[in-house]
Amino acid sequence: MDDDQEAYLLLLLSDSNLPTGSFVASAGLESYITHGLFSPSARGLQGTMDATMDFLRDSLRTYARSALPFVSDAHRAVESMLAAPSNSGQDDASSTAVAQIKALDDLYEAMTLNHVARRASKSQGVALLTLYSKGFSRPAFMQARTPDDSDTLRQTQAGLFIDRLKLEVRREHTHGHLPTCWGILTAALGLSLERSQFLHLFLHARSLLSASVRLNTLGPYAAQQLLLHAVRPMVEREATRCRDLRTGYDVSTISPRSSNQEFDETTHGPAVTWPLGEILAARHDLQHSRIFNS
Amino acid sequence: MSAGVGRIVLGLHGSEAVFSEMSSAYPLKLLSPRIEQQNVSVVYILSYGGGLVGGDRIELGVEVQEGAVLVMLSQGSTKVFKSRPGQRLSDVSQGTSSDAITTQIMDVTIDYRGMLFLLPDPVTCFASARYNQIQTFRLKGAANAVVLDWITSGRRSLGEEWDFSRYYSVNEIWSNDERVAKDITLLEEQEPADPPLSQRTLADTLAPYSCYATLLMYGPLVQSTIRPISGEYANISVFKHSTPPDLLWSFSLVREGRGCVVRIAAKETEDVRNWLGERLRPLERILGSDVYHQAFG
Numbered sequence: 001m002d003d004d005q006e007a008y009l010l011l012l013l014s015d016s017n018l019p020t021g022s023f024v025a026s027a028g029l030e031s032y033i034t035h036g037l038f039s040p041s042a043r044g045l046q047g048t049m050d051a052t053m054d055f056l057r058d059s060l061r062t063y064a065r066s067a068l069p070f071v072s073d074a075h076r077a078v079e080s081m082l083a084a085p086s087n088s089g090q091d092d093a094s095s096t097a098v099a100q101i102k103a104l105d106d107l108y109e110a111m112t113l114n115h116v117a118r119r120a121s122k123s124q125g126v127a128l129l130t131l132y133s134k135g136f137s138r139p140a141f142m143q144a145r146t147p148d149d150s151d152t153l154r155q156t157q158a159g160l161f162i163d164r165l166k167l168e169v170r171r172e173h174t175h176g177h178l179p180t181c182w183g184i185l186t187a188a189l190g191l192s193l194e195r196s197q198f199l200h201l202f203l204h205a206r207s208l209l210s211a212s213v214r215l216n217t218l219g220p221y222a223a224q225q226l227l228l229h230a231v232r233p234m235v236e237r238e239a240t241r242c243r244d245l246r247t248g249y250d251v252s253t254i255s256p257r258s259s260n261q262e263f264d265e266t267t268h269g270p271a272v273t274w275p276l277g278e279i280l281a282a283r284h285d286l287q288h289s290r291i292f293n294s
Numbered sequence: 001m002s003a004g005v006g007r008i009v010l011g012l013h014g015s016e017a018v019f020s021e022m023s024s025a026y027p028l029k030l031l032s033p034r035i036e037q038q039n040v041s042v043v044y045i046l047s048y049g050g051g052l053v054g055g056d057r058i059e060l061g062v063e064v065q066e067g068a069v070l071v072m073l074s075q076g077s078t079k080v081f082k083s084r085p086g087q088r089l090s091d092v093s094q095g096t097s098s099d100a101i102t103t104q105i106m107d108v109t110i111d112y113r114g115m116l117f118l119l120p121d122p123v124t125c126f127a128s129a130r131y132n133q134i135q136t137f138r139l140k141g142a143a144n145a146v147v148l149d150w151i152t153s154g155r156r157s158l159g160e161e162w163d164f165s166r167y168y169s170v171n172e173i174w175s176n177d178e179r180v181a182k183d184i185t186l187l188e189e190q191e192p193a194d195p196p197l198s199q200r201t202l203a204d205t206l207a208p209y210s211c212y213a214t215l216l217m218y219g220p221l222v223q224s225t226i227r228p229i230s231g232e233y234a235n236i237s238v239f240k241h242s243t244p245p246d247l248l249w250s251f252s253l254v255r256e257g258r259g260c261v262v263r264i265a266a267k268e269t270e271d272v273r274n275w276l277g278e279r280l281r282p283l284e285r286i287l288g289s290d291v292y293h294q295a296f297g
């Protein structure tokens, strides 16, 4: 994929109006505020900006460490499926990829032990699959330049695969969690893994800032200032720190004996780094009044 | 037997519980006191010198056979030191340095209708300590498990508050071939931040709490313990707090309610212990009063 095409995709994917359900998610921020944890230490704008950044950093750090390995492994699974030789090899490749995605989804379900986060993750994940099949597939009346060029074949195959996965989710054979589905969507569109990882974390941070504006802890201009000047180094740092992490879903025996193992889970696996955030997010539904779903 | 390796096999012969195996090697020590309660067996997991040092590695295999009930306790909190002053025998014998990560691995199999209660005191990591704990529970048929895993912020009397280097803990529960829960927590000191970001320490992210606990329960025989906690949780209604409460807890069901995960954060460790002691009171009928009070005071 050339740079122009990739830049164009980034423009589309970072549109805050995409129907992905992130508008109703605060990832625990609303509960954090209700429980008295949002506490600006200084008066005025600097205090609220600092307090917002504190939440953003803790939230992004734990999300990156726990979810990015799933984005990466799902992206790789779909990319290698789409790289399989056409015709004969495709059905097998597609079945293999479905099995891999199910294994990833199962592991993420077992690791996401807070029911509110689980619920939000599933609804946003499935929305991404629908976004691809309804929003990013080529309309039937628009003919490809040539019916058998490789881009068209790739798009057709990705579309079939995502339709198949949607059916699996509808039959409750798999969960369709957000990080897995983001990896699938971006691989299907041909976005590189590195871009996909960065954009996923950026969107997490931006949606938290939107939630701050709706919760009235931050003004819309201050949110933009943070986005331009503070969020970028934070997202870059987490993306760099977590880019090589894996889930280990395809490793049969995992152990901390790093020397002769292919995968040391304790250093290269997913983990939750902010237990306080887990408790607050799980308490979301207990709030007497609330405007978000998570 | 290699250093730090231990094994426990508990079976039921008729109505009598029998340890067909119980062995351990330095620095791990296992003790099984005689207790009043029939059909319940207790093992204390101890370490020489009351703690573990850098490079120590404990590897414990446990088998709870059909219908047996095993309670595993510790005596005081598990202390993780960077190095043990004076005595360095385990380091020398293993050829490890105190920079190596202290590791505790436990692999437990619980057979049909067996029960495991892992109710240790909290782990306390001293300044600069590094600790990995990896616990796997394999439940077969209608087996049951209650697993408590908790950590304090350190030696607060010495001003240590989340001052260790690394704490990594995995609790994984399998029910037959299904992985029902895999809880992974990583608490790590944070590297220096570059401007415009200011430095944010581990203590900053965990404040204002000094003790974090995770309680996992799974199986048919713990349903009567889960139900009242679930009911209590559903009745909570949170109005706006101006400052964080002294204790916060959350409750989530896993796998259609066959199990649950409870998380607790509190300013004081004793508050967590009391909270657990009250909510887990239905277990007293199974464990007996003595064992129950050993675990929860």
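As given, the protein sequences belong to chains G and X, one line each in that order. Taking full-length UniProt numbering, I'd label the letters of the first sequence as residues 1 to 294. Taking full-length UniProt numbering, I'd label the letters of the second sequence as residues 1 to 297. The C-beta atom is built at its ideal place from N, Cα and C for all residues, glycine as well. All figures in this text were calculated on a predicted structure; none of them were measured in a lab.
- Between Val261 of chain X and chain G, the shortest Cβ-Cβ separation is below 8 Å.
- Flagged as an interface residue toward chain G: Asp194 of chain X, by a C-beta distance shorter than 8 Å.
- At a cut-off of 8 Å, the C-beta of Gly28 of chain G has no neighbouring C-beta in chain X.
- Chain G places a beta carbon closer than 8 Å to that of Asn132 of chain X, counting this residue as a contact.
- The C-beta of Phe239 of chain X comes closer than 8 Å to at least one C-beta of chain G.
- Inter-residue distance for Leu30 of chain X and Leu253 of chain X is about 33 Å (C-alpha atoms, whole angstroms).
- At a C-beta separation below 8 Å, Val180 of chain X has these neighbours in chain G: Ala110.
- Residue range 5-13 is occupied by the beta strand (DSSP E) that includes His13 of chain X.
- Counting other Cβ atoms within 10 Å of its Cβ, Val116 of chain G reaches 16 or more and is therefore classed as buried.
- Approximately 21 Å separates the beta-carbon atoms of Ser175 of chain X and Gln133 of chain X; this is outside 8 Å, ruling out the contact.
- The beta-carbon of Gln287 of chain G is placed less than 8 Å from the nearest beta-carbon of chain X.
- For Trp249 of chain X, same chain residues with a beta-carbon under 6 Å away, outside a window of 5 residues either side, are Ile264 in chain order.
- Between the region 143-152 of chain X and the region 208-216 of chain X there are three or more C-beta pairs closer than 8 Å, enough to call the two in contact.
- Residues of chain X whose Cβ lies closer than 8 Å to the Cβ of Ala271 of chain G are, in chain order, Tyr168, Ile184, Thr185, Leu186.
- Going by DSSP, Tyr233 of chain X is part of the alpha helix (DSSP H) stretching over 223-234.
- Close partners of Gly36 of chain G in chain X (Cβ separation under 8 Å): Lys240, His241, Ser242, Thr243, Pro244, Pro245.
- Collapsing the DSSP output to three states places Gly89 of chain G in a helix.
- Contact between Pro244 of chain X and Leu37 of chain G holds, with the beta-carbon distance rounding to 5 Å and staying under 8 Å.
- It is roughly 8 Å from the alpha-carbon of Met115 of chain X to the alpha-carbon of Leu221 of chain X.
- In this structure, the beta-carbon distance from Asp105 of chain G to Gly183 of chain G does not fall below 8 Å.
- In this chain, the alpha helix (DSSP H) harbouring Gly277 of chain G covers 275-282.
- Of the other Cβ atoms in all chains shown, 16 or more fall within 10 Å of the Cβ of Lys182 of chain X; this residue is therefore buried.
- In this structure, Gly159 of chain X lies away from Thr102 of chain X, with their beta-carbon atoms at least 8 Å apart.
- The C-beta of Ile286 of chain X has 16 or more other C-beta atoms within 10 Å across all chains shown, which makes the residue buried.
- Short of 6 Å from the beta carbon of Gly61 of chain X, and not among the five residues preceding or following it, lie these beta carbons of its own chain, in chain order: Arg7, Asp107.
- Three or more Cβ pairs closer than 8 Å define a contact, and the region 67-84 of chain X meets that threshold against the region 127-147 of chain X.
- Here Gly76 of chain X has Gly50, Asp121 as same chain residues with Cβ atoms under 8 Å from its own Cβ, once five neighbours each way along the sequence are excluded.
- For the region 33-120 of chain X, the full-length beta strand (DSSP E) segments reaching 3 residues or more read 41-47, 57-64, 69-74, 78-80, 102-110, 115-118 along the chain.
- Three or more pairs of CB atoms, one per stretch, sit closer than 8 Å, so the region 196-207 of chain X contacts the region 221-241 of chain G.
- Linking Asn274 of chain X to Ser14 of chain G through their CA atoms gives a straight-line distance of about 48 Å.
- Think of a sphere of 7 Å around the beta carbon of Val108 of chain X: no beta carbon from chain G falls inside it, the nearest being about 16 Å out.
- Taking a cut-off of 8 Å for Cβ pairs, the region 91-105 of chain G and the region 231-244 of chain X do not touch, as fewer than three such pairs fall below it.
- Under the three-state reduction of DSSP output, Met217 of chain X falls in the strand class.
- DSSP, reduced to helix, strand and coil, places Trp275 of chain X within a helical segment of the structure shown.
- Nearest neighbour of Cys181 of chain G by Cα position, chosen from G:Thr156, G:Pro69, G:Gly248, turns out to be G:Pro69.
- Here the region 51-64 of chain G makes no contact with the region 13-21 of chain X; the two share fewer than three CB pairs at distances below 8 Å.
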